[in-house]
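Note that the protein sequences, when read in sequence, are chains X and H.
When we follow numbering that gives the first Met the number 0, the leftmost residue of the first sequence carries the number 0, and every step to the right adds one.
When we follow numbering that gives the first Met the number 0, the leftmost residue of the second sequence carries the number 0, and every step to the right adds one.
Yeah, the Cβ is synthetic: ideal placement off N, Cα and C, and Gly gets one too.
A quick write-up on the structure given underneath.
There are 2 protein chains.
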Amino acid sequence: MSINRELELERPIQDLRHETLLNIVRTVSVLSIKGEMFFRRYGLTEAQFNVLFALKYKKKKWTQSDLGKRLVVTRASITSILDRLESKGLVIRNIVEGNRRIRHIELTPEGLNLVQKVEPIYRRNIHKLLSCFSDKECLEIIKYMETIRERAMTIPY
Amino acid sequence: MSINRELELERPIQDLRHETLLNIVRTVSVLSIKGEMFFRRYGLTEAQFNVLFALKYKKKKWTQSDLGKRLVVTRASITSILDRLESKGLVIRNIVEGNRRIRHIELTPEGLNLVQKVEPIYRRNIHKLLSCFSDKECLEIIKYMETIRERAMTIPY
DNA sequence: TATAAATTGATTGACATCTAACAATTTGTT
DNA sequence: AACAAATTGTTAGATGTCAATCAATTTATA
Chain X
0 MSINRELELE
10 RPIQDLRHET
20 LLNIVRTVSV
30 LSIKGEMFFR
40 RYGLTEAQFN
50 VLFALKYKKK
60 KWTQSDLGKR
70 LVVTRASITS
80 ILDRLESKGL
90 VIRNIVEGNR
100 RIRHIELTPE
110 GLNLVQKVEP
120 IYRRNIHKLL
130 SCFSDKECLE
140 IIKYMETIRE
150 RAMTIPY
Chain H
0 MSINRELELE
10 RPIQDLRHET
20 LLNIVRTVSV
30 LSIKGEMFFR
40 RYGLTEAQFN
50 VLFALKYKKK
60 KWTQSDLGKR
70 LVVTRASITS
80 ILDRLESKGL
90 VIRNIVEGNR
100 RIRHIELTPE
110 GLNLVQKVEP
120 IYRRNIHKLL
130 SCFSDKECLE
140 IIKYMETIRE
150 RAMTIPY
């Protein structure tokens, strides 16, 4: 349904670019609600899953700062997410020899186990959701999003 | 930059549809950070602006429930946003004759004033951000987003 | 009409997020 | 080597968000 109909506005939004932005943001709102519902079944939030997922696929050892940069959240947020994941025994903050300031974050076996269980189901849902698009269309969406991100990060707001 | 490079993953994500989803979500993350920075200049959060904006363009009188439905947030969230907007004197909860359960939410003159001041500047920023796309491309993005939203709302997760 | 069901707004507790500040530590510069 | 600057993780306080629950009220049904 169109944004204008969903919002039931008197004067529909006449601004195509504003409408474009609203559409993207609103879509993520809807996806996020669905995502939270899904992850809750496994005792996780979306943010917590994102951390577990990143840790599973990471390259080198990652600090909390590294995690924050990759996931585009502040160090403070990472601290609070890790507190919860650690208390559930899903991750561990390892002391780093030679640098007493940082911690290397790793999945515990339980953490790895959980991601490995949830990820394929999550992925199936994503496939169901986006099965209507061809590979070419997916690439096109990705291109659009990369362009917007690139511009958002460089253009002064 | 590509999601795989941004995340610096060992094994890049091989799943085109997952990558598509990550791209959309991540784009909104970035936009949201920029948006919050922008609205803070006017003493607002993005959620607060969204409420003011919706109230400016609404058709009939809206209750808090109405607002929640349009903005895709729960009644509890609306309550807390309105508490803050009301304490700043930007909106008012009007008693409704004939139905003592509901409230009609309206902009105060100050609220209207503020939206009218912020909106055109916000809109200019959006134009700057999306000026690289033709109208046709915008329509294409909108179409993609509407399709995803439609499917997300109907497909069981 | 009387009772059951649904709706509305508020509240509570949990979580994610931000900014700002802080202490500890590391890195860079003179 | 000594001092200044930057980085790291944490904390506190603010805000938004949700689910669950509640009381008040309205609507629907028996």
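Residue environment, residue i, which counts as buried when at least 16 other CB atoms sit within 10 Å
i: X:K27; result: Residue identity check: residue 27 of chain X is Val in the sequence provided, not Lys. Buried: at least 16 other Cβ atoms inside 10 Å.
i: H:R25; result: buried
i: X:R185; result: It is not possible to answer for residue 185 of chain X, since the shown part of chain X is limited to 0 through 156.
i: H:C137; result: buried
i: H:R39; result: exposed
i: H:R16; result: buried
i: X:K57; result: buried
i: H:I154; result: exposed
i: X:Q63; result: buried
i: X:G42; result: exposed
i: H:M144; result: buried
i: H:G67; result: buried
i: X:I2; result: buried
i: H:R74; result: exposed
Pair within 8 Å by beta-carbon distance, residue i and residue j
i: X:I94; j: X:T107; result: no
i: X:L30; j: H:R150; result: no
i: H:I140; j: X:N112; result: no
i: X:L159; j: X:E5; result: Only positions 0 to 156 of chain X appear in the structure, and residue 159 of chain X is not among them; the question remains open.
i: H:Q47; j: H:I80; result: yes
i: H:G88; j: H:L51; result: no
i: X:R122; j: H:D82; result: no
i: X:L84; j: H:I125; result: no
i: H:G34; j: H:E18; result: no
i: H:C131; j: X:T78; result: no
i: H:H103; j: H:K60; result: yes
Residue i CB to nearest heavy atom of the ligand GDP below 7 Å
i: H:E18; result: Looking for the ligand GDP in the displayed structure turns up nothing, as the structure carries no ligands at all.
Beta strand (DSSP E) runs contained entirely in the stretch 59 to 135 of chain H, provided each spans 3 or more residues: 90 to 94 and 102 to 106
Output, in sequence order along the chain, the residues in the stretch 54 to 73 of chain X whose CB is closer than 7 Å to any CB in chain H. Y56, K57, K58, R69 and V71
Interface residues of the stretch 76 to 95 of chain X facing chain H [CB-CB below 8 Å]: none
Between the stretch 98 to 119 of chain H and chain X, which residues of the former have a C-beta closer than 7 Å to a C-beta of the latter? none
Determine which residues of the stretch 27 to 41 of chain X have a Cβ less than 7 Å from any Cβ of chain H, and write them out in chain order. V27, S28, V29, L30, K33, M36 and F37
Short of 8 Å Cβ to Cβ, which residues in the stretch 5 to 25 of chain X face chain H? E5, L6, E7, L8, E9, R10, I12, D14, L15, R16, H17, E18, T19, L20, N22, I23, V24 and R25
Any residues in the stretch 124 to 137 of chain H with a beta carbon nearer than 9 Å to a beta carbon of chain X? Which ones, in chain order? N124, I125, H126, K127, L128, L129, S130, C131, F132, D134, E136 and C137
Just to confirm the assignment: which complete alpha helix (DSSP H) runs, minimum length 4, are found wholly within the stretch 11 to 43 of chain X? 15 to 39
Could you list the residues in the stretch 142 to 154 of chain H with a C-beta less than 8 Å from some C-beta on chain X, going in chain order? Y143, M144, E145, T146, I147, R148, E149, R150, A151, M152 and I154
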